[in-house]
Amino acid sequence: MSIEAGDRPVALVTGSTSGIGEAVARRLAADGTRVVVHSRRSAETGRALAAELGGAYVQADLGVEEEARGLVARALDHFGRLDVLVNNAGISRPIPHADLAAATPADWRQLLEVNLIAPWVLCTAALPALRRSPGGGSIVNITSHAGVRPKGSSVPYAASKAALNHVTRLLAAALGPDVRVNAVAPGLVDTPMTKDWAQAHELWRDRAPMHRPARPADVADLVASVIGSAYLTGEVIVLDGGLNLT
Ligand code: NAD
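As structure tokens, then:
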């Protein structure tokens, strides 16, 4: 029996024209999900990817609250339902941890705005639709191993991801059983964000049991598993090729 398009679940993947987000969008589409591709800037790339995946594209700056809310509304305009929200968009800013003056309040505000408050706004806006999802709604936050251990590109970045890990657990407790909430916390992933991080690449090649950084598709595989695990909620799953063991 064929599944009508309207019966297929819909996922909104933020920041999905590059890196991890693009891999997640491609993987979910390959699994039969209708995907809303989103980016802040690269509209042409976003439209092309959405066309390729049979999905839709929406542009929005998630640093602007109204645009974040509008993103969910426009996703719903396209498909009339929303089953999965992947909060992937994020920013990083390399600042040595001991150089306290270099991590300015402006840096803190910007990192928290995009990495923590925007996912909160998106969860809030998406919640009524996620609750209506026939199979139960699912939120996956892409955080970082830096939000679990005292590591990462900067103190404000790591703190923003640690906060999102805790929001993940708090919301899982508050929203079950209608909506499951989990986080995938990667170590180094080979994406545009990390292309100049030579030392980190070397560390992963030398020290991680897997002897390489993750590929975006490795993260997408785990995100797909988390979405498909109907009993999994409140977990922060570190995906670092075993680096934490060394
Ligand atoms: P990326 O730079 O390819 O992707 C980040 C995406 O977020 C981009 O599409 C960007 O446009 C979007 N974005 C940033 N600010 C935005 C804003 N204000 N409004 C809308 N979109 C915005 O990098 P990536 O490595 O694929 O990162 C994806 C996520 O994974 C991020 O949350 C990042 O913190 C996290 N992460 C990455 C790594 C890594 O090693 N690459 C490790 C751990 C966690």
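Under the working numbering, think of the first position of the sequence shown as 92, with each following residue one higher. Where is the CB? At the ideal position from N, CA and C, for every residue including glycine.
Helix, strand or coil at residue i [DSSP, three-state]
i: Asn179; result: coil
i: Val104; result: strand
i: Gly319; result: helix
i: Ile186; result: coil
i: Ala217; result: helix
i: Ala305; result: strand
Any non-hydrogen atom of ligand 1 closer than 8 Å to residue i Cβ
i: His129; result: yes
i: Val317; result: no
i: Ser183; result: yes
i: Asp312; result: no
i: His302; result: no
i: Ala147; result: no
i: Arg160; result: no
Nearest-angstrom Cα separation, counted from residue j out to residue i
i: Lys242; j: His236; result: 8 Å
i: Ser130; j: Glu113; result: 10 Å
i: Gly227; j: Leu294; result: 40 Å
i: Ala159; j: Ala216; result: 8 Å
i: Ser93; j: His257; result: For Ser93, the predicted model reports a pLDDT of 45, less than 50, meaning its position is unreliable and no value from the coordinates is stated.
i: Arg240; j: Ser316; result: 24 Å
**OP:** Decide yes or no for the touch test of the stretch 270–278 against the stretch 319–326: beta carbon pairs closer than 8 Å, at least 3 of them.
**Re:** At 8 Å Cβ cutoff, the stretches touch.
Subject >> Contained beta strand (DSSP E) runs [length at least 3] in the stretch 234–280, N- to C-terminal order >> reply: Complete beta strand (DSSP E) runs here, min 3: 270–277.
Original post:
At which residue ranges does the stretch 98–178 contain complete alpha helix (DSSP H) runs of 4 or more residues, listed in the order of the chain?
Top reply: Listed in chain order, they are 110–121, 134–144, 156–170.
Original post:
Per the contact definition of three or more C-beta pairs closer than 8 Å, is the stretch 188–199 in contact with the stretch 219–239?
Top reply: Contact fails: fewer than three Cβ-Cβ distances are below 8 Å.
Original post:
Are the stretch 328–337 and the stretch 260–267 touching, with three or more C-beta to C-beta distances below 8 Å?
Top reply: In short, these stretches do not touch, since the Cβ pair count stays below three.
**OP:** Mind the definition here: the stretch 207–214 touches the stretch 117–136 only if three or more C-beta pairs lie below 8 Å; say whether that holds.
**Re:** Verdict: no, contact absent.
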